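Just below is one structure, and these are the notes that go with it.
There are 2 protein chains.
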Amino acid sequence: MPQRKGRTALTRTELDSWRVFIETTEDLRSALGGRLQADSGISTGDYRVLLELSEAPGRRMRSSHLAEAICWERSRLSHHLGRMEKRGLIRREAAAGDNRGAEAVLTDEGRDALRRSSVPHFHAIRELFLDALTPAQLAAARDVAETLRDHLAARRT
Amino acid sequence: MPQRKGRTALTRTELDSWRVFIETTEDLRSALGGRLQADSGISTGDYRVLLELSEAPGRRMRSSHLAEAICWERSRLSHHLGRMEKRGLIRREAAAGDNRGAEAVLTDEGRDALRRSSVPHFHAIRELFLDALTPAQLAAARDVAETLRDHLAARRT
DNA sequence: CGGCTATGATTGACGCGTCAGCTACATTCC
DNA sequence: GGAATGTAGCTGACGCGTCAATCATAGCCG
Numbered sequence: 001m002p003q004r005k006g007r008t009a010l011t012r013t014e015l016d017s018w019r020v021f022i023e024t025t026e027d028l029r030s031a032l033g034g035r036l037q038a039d040s041g042i043s044t045g046d047y048r049v050l051l052e053l054s055e056a057p058g059r060r061m062r063s064s065h066l067a068e069a070i071c072w073e074r075s076r077l078s079h080h081l082g083r084m085e086k087r088g089l090i091r092r093e094a095a096a097g098d099n100r101g102a103e104a105v106l107t108d109e110g111r112d113a114l115r116r117s118s119v120p121h122f123h124a125i126r127e128l129f130l131d132a133l134t135p136a137q138l139a140a141a142r143d144v145a146e147t148l149r150d151h152l153a154a155r156r157t
Numbered sequence: 001m002p003q004r005k006g007r008t009a010l011t012r013t014e015l016d017s018w019r020v021f022i023e024t025t026e027d028l029r030s031a032l033g034g035r036l037q038a039d040s041g042i043s044t045g046d047y048r049v050l051l052e053l054s055e056a057p058g059r060r061m062r063s064s065h066l067a068e069a070i071c072w073e074r075s076r077l078s079h080h081l082g083r084m085e086k087r088g089l090i091r092r093e094a095a096a097g098d099n100r101g102a103e104a105v106l107t108d109e110g111r112d113a114l115r116r117s118s119v120p121h122f123h124a125i126r127e128l129f130l131d132a133l134t135p136a137q138l139a140a141a142r143d144v145a146e147t148l149r150d151h152l153a154a155r156r157t
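Just so you know, the sequences run in chain order A and B.
The first sequence lines up with residues 1 to 157 when you count with full-length UniProt numbering.
The second sequence lines up with residues 1 to 157 when you count with full-length UniProt numbering.
What follows is the structure, encoded as structure tokens:
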């Protein structure tokens, strides 16, 4: 009879696998962020926001809609938009039709920043991630990520 | 003749693989951190420091030695130790033999915090990560992580 | 209408991470 | 000895993320 999951202590292999996985993915994240910052002067958060806005009709979105689209808490977005607005990447306007609402609008400067960042960013993704893996490994990575994503989503209460 | 790597734009599959990988690993990281915080009132950074100190002879380590052991910048560690010291988890002492140096010492309170956190932490690792994956997937995840780790290490100038 | 709750968004406090810069002590070399 | 250089560690500023609290407006129900 196989051991029940969730009861036993971690084996050496499990612990090692966990550690290399969590530490390396964190490392990758920070390397990518560093590259983006160095190449284009924006953070991965900025990039995410700029990209989403650039694809929205009128290059503008309701704040909460944007938050939902990129899976951020509203308060996180609010702080982030504040910083981006200070740098001129976006602008806030009152939402038409609902006086509670706010819209984030991509400025020309924001659009330019996104344009400048895209090529180097893709390049970094290729260099730091895609180039490292064989096609089979890439497929495996995707499979693992999708499985984990579904697993995490399922336990989110 | 196969296309040269690093030249072409990203394919749909590559981009999707990248996104699910980076977003899910980030999600996992934050879920684990949240669990640790909720279960035991400490952060993953605290955990890392406490663990390392608990295994050191005399439960104490030179600051820079500790930083190297856990691959942190010295300034990051300095800030972190400051916060941990304020909460009584560690204590700082002048290093014997080198008046420039400082030692971080695990307090009893720190040792207790580590003890209290270990079981719930392992449980969370199992629940959020290990339980999600088949043995083959876990092996694949490890292989991918090790490959990436080596790749990243190699390009670190 | 007047009060209730829900919703959209912001704010403040605080932990965390990076960077640049600083102080203090150690070492090296003349 | 004493200047130059290196090493250990700390600090301040600032971006980032979370949480709890706040505030205004919207919508609903008597």
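No residue lacks a Cβ here, since even glycine has one placed at the ideal position from N, Cα and C.
Just so you know, these numbers come straight off a predicted model, no measurement behind them.
Under the three-state DSSP convention, the category residue i falls into
i	result
Ile42/B	coil
Arg87/A	coil
Arg111/A	helix
Arg60/B	strand
Arg149/A	helix
Glu52/B	helix
Arg18/B	Checking the displayed sequence, the identity of residue 18/B turns out to be Trp instead of Arg. Three-state DSSP puts Trp18/B in a helix.
Gly6/B	Only weak support is given to the placement of Gly6/B: the predicted model assigns it a pLDDT of 46, under 50, and the value that follows is read from those uncertain coordinates. Note: Gly6/B maps to coil in three-state DSSP.
Cys97/A	It should be pointed out that residue 97/A corresponds to Gly in this sequence rather than to Cys. In the structure shown, Gly97/A sits in coil (DSSP, three-state: anything other than H, G, I, E or B).
Glu73/B	coil
Leu133/A	coil
Arg156/B	coil
Thr25/A	helix
Thr11/B	coil
Amino acids of chain A, ordered along the chain, whose beta-carbon sits closer than 8 Å to that of residue i
i	result
Glu72/B	The displayed chain sequence assigns Trp, not Glu, to residue 72/B. Within chain A, no residue comes near Trp72/B; the closest Cβ sits about 12 Å away, beyond 8 Å.
Neighbour list for residue i in chain B, Cβ cutoff strictly below 7 Å
i	result
Ser17/A	Leu138, Ala141, Arg142
Ala124/A	Those do not exist, as Ala124/A stays about 11 Å from chain B at its closest Cβ, beyond 7 Å.
Glu14/A	Leu130
Partners in chain A for residue i, counting only beta-carbon separations shorter than 9 Å
i	result
Leu152/B	Thr24, Asp27, Leu28, Ala31, Leu128, Ala132
7 Å Cβ cut-off: residues of chain A touching residue i
i	result
Val20/B	Arg142, Ala145, Glu146, Arg149
Cβ-based neighbour list, residue i, same chain, cut-off 8 Å, excluding 5 preceding and 5 following
i	result
Arg94/A	Residue 94/A is actually Ala in this sequence, not Arg. Excluding residues within five positions, the ones whose Cβ falls inside 8 Å are Gly101, Ala102, Glu103.
Gly33/A	Ser43, Thr44
Ala69/B	Glu52, Met61
Ala113/A	Ser40, Gly41, Ile42, Asp46, Leu50, Leu89
Leu128/B	Leu28, Ala31, Leu32, Arg35
Glu73/A	Ala67
Arg59/A	Leu53, Val105, Leu106, Arg111
Ile125/B	Leu32
Leu81/A	Val49, Ser63, Ile90, Arg92, Ala104
Arg76/B	Ala67
Sequence-distant residues of the same chain with beta carbon closer than 7 Å to residue i, five excluded per side
i	result
Thr11/A	none
Glu109/A	Gly88, Leu89
Tyr47/A	Leu36, Ser117, His121
Glu85/B	Arg91, Arg92
His79/B	none
Gly6/B	Interpretation of Gly6/B is limited by its pLDDT of 46, a score under 50 that renders its predicted location unreliable; no figure is taken from the coordinates.
Beta-bridge partners of residue i, as assigned by DSSP
i	result
Arg92/A	Ala104/A
Residues that residue i contacts on chain B, provided the C-beta gap is smaller than 9 Å
i	result
Leu10/A	Phe122, Ile125, Arg126, Leu130
Same chain, Cβ closer than 6 Å to residue i, five either side skipped, listed in chain order
i	result
Ala153/B	none
Trp143/A	The amino acid occupying residue 143/A in the given sequence is Asp; Trp does not appear at that position. Closer than 6 Å at Cβ, skipping near neighbours: no residue.
heavy atom of the ligand PLP below 7 Å from residue i C-beta
i	result
Pro120/B	Although the ligand PLP was asked about, the structure shown includes no ligands whatsoever.
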